[in-house]
Amino acid sequence: MSLVTTTPALLTSAATDLTALGLSVDAANVAAAAATTGVLAPAAEGVSTAIAELFSAHARSYQALTAQAATFLEEFLETLTAGARAYASAEAAIASSLQDLVSEANASTQAFGRSLIAGGSGVAGERLSEPTWQSAPLV
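Start counting the sequence shown at 5; every next residue gets the next number (this note's numbering).
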């Protein structure tokens with residue numbers, strides 16, 4: 005069985021981190037574009053010109069692929085952010101419903117000064133005293 009644990013804050017943090025990463029990659033691509041897409045031939049002969057054009061063509065292909073990756077990243081970030089908002093809304097709705105349920109369950113016993121649903125002490129509405137094994141001297 006796999007267990008997935010997340011929170012809206014984790015999703016928002018991931019979106020923020022991915023945005024920063026995307027901006028860094030975009031800046032690096034812009035900085036490299038001029039130098040890589042316009043490679044000059046080291047000599048004015050056919051082989052050098054052909055190799056320079058080959059490198060420039062590869063660089064243009066790379067720039068086209070990174071533009072597609074940037075578009076994908078934008079769409080992914082929109083989906084991730086929408087998921088975080090939906091997750092937060094669902095959690096708020098569930099918390100509200102659970103609070104209403106607890107209030108209803110406790111309503112009848114509140115008249116007697118006790119809560120039906122307490123903090124897990126075993127006795128409704130009372131705190132646990134210190135366990136005897138902790139207060140007894142060790143022998």
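The beta carbon of each residue, even a glycine, is placed where N, CA and C say it ideally should be.
Model, not experiment: these values are computed from the prediction.
With a cut-off of 8 Å on the beta carbons, I'd call glycine 26 and alanine 88 a contact; round off their distance for me.
Counting from one through the sequence shown, the residue named residue 26 turns up at place 22. Counting from one through the sequence shown, the residue named residue 88 turns up at place 84. About 17 Å separates the Cβ atoms of glycine 26 and alanine 88, ruling out a contact at the 8 Å cut-off.
Of the listed residues Leu69, Gln67, Ala47, Val43, nearest to leucine 58 (C-alpha basis):
As a working note, residue 58 is residue 54 in the sequence shown. Taking only the C-alpha atoms, the option nearest leucine 58 is Val43.
Look at the Cβ atom of serine 100, then the Cβ atom of asparagine 110, and state whether they are nearer than 8 Å.
As a working mapping, residue 100 is identified with position 96 in the sequence shown. As a working mapping, residue 110 is identified with position 106 in the sequence shown. Against a cut-off of 8 Å, the Cβ pair of asparagine 110 and serine 100 comes out as no contact.
Under three-state DSSP, which class holds threonine 136?
Counted from its first residue, the sequence shown places residue 136 at position 132. Its pLDDT being 49, under 50, threonine 136 is placed unreliably by the model, and nothing is read from it.
Endpoints, the alpha helix (DSSP H) within which serine 119 is located
Reading the sequence shown from its first residue, position 115 is the one you call residue 119. Serine 119 -> no alpha helix (DSSP H), and no H or E assigned at all.
Could you check if leucine 105 is buried or exposed, using at least 16 other CB atoms within 10 Å of its CB as the buried criterion?
Within the sequence shown, residue 105 is the residue found at index 101, counting from 1. Burial check for leucine 105: the Cβ neighbour count within 10 Å stays below 16, so the residue is exposed.
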